[in-house]
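Peer 1: A single structure is presented below for examination.
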Amino acid sequence: MQKKSVYVLASVMFLAVLVIGSWQYFSDKESNDSQVASVDRTALIRPHSPSLGKEESAVVIVEFFDPACDTCRIFYPQVKQLMEAHPGRIRLVMRYAPFHKGSDKVVAVLEAARRQGKFWPTLEALLNSQEDWASNHTAKIELVWNHLNGVGLNMEQLAFDMTAPDLQQVIAQDMSDANTLGVSQTPEYFVNGKPLPSFGFDQLKLLVANELARTR
C-alpha cells in the first residue's frame with residue numbers, strides 16, 4: 739500500500755513538472771513569436787518609404803521591388819488597377835530591393851527623385867522603358883538618363899543627391915529590412931503585414947480581397 743502511494747505521488751509530481759514545463763515552453767514561444775512579429779512589422783515601413791493612397795486605408799500593400807525586375811514591371815500596373823477598383827481602401831508602399839546587378843544605382847536615381855517629389859513619375863518612366871536600359875538581369879545606368887527627360891527633374895541636383903551618404907543609408911536600411919523579412923526575390927508583397935502564401939498576382943488579389951472583407 740505504501741509503495742502504491744509513493745508511485746501515485748511520483749506520477750502526480752511528474753505530471754505537474756510536465757505541465758509546468760509545457761506551459762513555460764509555450765509561454766516563452768508565444769513571447770518570442772510576439773517579439774518577432776513586432777520586429778517584422780517595424781521592418782515593413784520606414785519614414786522614407788514612398789507610398790500611394792490614403793494613410794488610413796484599410797489595406798496596406800508593402801512591395802519590395804527592383805526596378806530592373808521584369809516581373810515588377812508587369813505587376814506594377816496591375817497593382818494600380820487593383821487600387822483603382824477599391825478607391826480609398828488600398829495604400830501601396832514601395833521598398834527598395836536592388837538584387838539585380840547595377841540596380842543599386844537605379845534605385846539611387848529613384849530615391850534622389852523622391853527627394854524632389856518625383857518618385858512616382860520617375861518610377862513609371864523607368865518601368866515603361868525598362869527593356870531599353872536593363873537586359874539579362876543587369877541594369878545599365880548610362881542608358882537611364884534619356885528616359886527621364888519628361889519627368890521634370892533637376893538633373894544636377896539628382897546627380898548630387900545620388901552620392902549623398904544618407905541616401906545610401908536609406909537603400910542599406912531597405913536591404914536590411916528585406917533580409918529581416920526573408921525577402922529573397924522581387925516583387926515580394928506583404929498585405930497588412932501578411933506575406934503571400936505563394937508567389938503570384940492571383941495570390942496577391944486573393945489576400946487583398948480577404949483583408950478588404952475582414953476590415954469592411
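Just so you know, we're using our numbering here: the sequence shown kicks off at 739 and counts up by one. For each residue, glycine too, the CB sits at the ideal point set by N, CA and C. Just so we're clear, the structure is a prediction, and the values are computed from it rather than from any experiment.
Hey, could you find the ends of the beta strand (DSSP E) V798 is sitting in?
Peer 2: Position 60 of the sequence shown holds residue 798. Segment 797-803, the beta strand (DSSP E) holding V798.
Peer 1: Just how far apart, CA to CA, sit S936 and L944?
Peer 2: By one-based count along the sequence shown, residue 936 stands at place 198. By one-based count along the sequence shown, residue 944 stands at place 206. About 11 Å.
Peer 1: Can you grab the Cα-Cα spacing for the pair L864 / G855, in whole Å?
Peer 2: Counting from 1 along the sequence shown, the entry for residue 864 is found at position 126. Counting from 1 along the sequence shown, the entry for residue 855 is found at position 117. Taking the straight line joining both Cα atoms gives about 16 Å.
Peer 1: For the beta strand (DSSP E) containing L830, name the first residue and the last one.
Peer 2: Position 92 of the sequence shown, counted from the first residue, corresponds to residue 830. Taken as a continuous stretch (DSSP letters only), the beta strand (DSSP E) holding L830 covers 828-834.
Peer 1: How would you write the range of the alpha helix (DSSP H) that F937 sits in, first residue to last?
Peer 2: For the purposes of this step, residue 937 is taken as the residue at position 199 of the sequence shown. No alpha helix (DSSP H) contains F937, which DSSP labels as neither H nor E.
Peer 1: A835 to N874, Cα distance in whole Å?
Peer 2: Working through the sequence shown from its first residue, we reach residue 835 at position 97. Working through the sequence shown from its first residue, we reach residue 874 at position 136. Roughly 17 Å between the two C-alpha positions.
Peer 1: Compute the distance between the beta-carbons of I879 and V908, then report whether it is under 8 Å.
Peer 2: Here residue 879 refers to the residue found at position 141 when the sequence shown is read from its first residue. Here residue 908 refers to the residue found at position 170 when the sequence shown is read from its first residue. No.
Peer 1: Once the 5 residues before and after C807 are set aside, which same chain residues still bring their CB inside 7 Å of it?
Peer 2: In the sequence shown, residue 807 corresponds to position 69, counting from 1. Excluding sequence neighbours, C807 sits near H838, T924, P925.
Peer 1: Measuring only the C-alpha atoms, how far is W761 from G920?
Peer 2: Along the sequence shown, one-based indexing puts residue 761 at 23. Along the sequence shown, one-based indexing puts residue 920 at 182. Model confidence at W761 stands at a pLDDT of 40, short of 50, so the residue's coordinates are unreliable and nothing is read from them.
Peer 1: Assign M832 to one of two classes, buried (16 or more other C-beta atoms within 10 Å of its C-beta) or exposed (fewer than that).
Peer 2: As a working note, residue 832 is residue 94 in the sequence shown. M832 comes out buried.
Peer 1: Please state the DSSP three-state secondary structure of F928.
Peer 2: Within the sequence shown, the letter at position 190 stands for residue 928. In the structure shown, F928 sits in a strand (DSSP, three-state: E or B).
Peer 1: Just how far apart, CA to CA, sit Y927 and G888?
Peer 2: Translated into positions along the sequence shown, residue 927 becomes position 189. Translated into positions along the sequence shown, residue 888 becomes position 150. Computed Cα separation, rounded: 30 Å.
Peer 1: Distance check for P825 and G791, CA to CA, integer angstroms please.
Peer 2: The sequence position of residue 791 within the sequence shown is 53, counting from 1. The sequence position of residue 825 within the sequence shown is 87, counting from 1. Going by the C-alpha atoms only, they are around 9 Å apart.
Peer 1: Along the chain, where does the alpha helix (DSSP H) containing N917 start, and where does it finish?
Peer 2: Counting from one through the sequence shown, the residue named residue 917 turns up at place 179. 903-918 is the extent of the alpha helix (DSSP H) around N917.
Peer 1: Let me know the secondary structure DSSP gives S841 once reduced to three states.
Peer 2: Position 103 of the sequence shown, counted from the first residue, corresponds to residue 841. Note: S841 maps to helix in three-state DSSP.
Peer 1: What are the boundary residues of the alpha helix (DSSP H) that includes E822?
Peer 2: Looking up residue 822 in the sequence shown gives position 84. E822 -> alpha helix (DSSP H) spans 808-823.
Peer 1: Going along the chain, which residues of its own chain have a beta-carbon closer than 6 Å to the beta-carbon of H885, five neighbours each way excluded?
Peer 2: If you number the sequence shown from 1, residue 885 lands on position 147. Here the set comprises A863, S867.
Peer 1: Report the rounded CA-to-CA distance for V798 versus D870, giving the unit in angstroms.
Peer 2: Along the sequence shown, read from residue 1 onward, the residue named residue 798 stands at position 60. Along the sequence shown, read from residue 1 onward, the residue named residue 870 stands at position 132. Cα to Cα, the separation comes out at about 32 Å.
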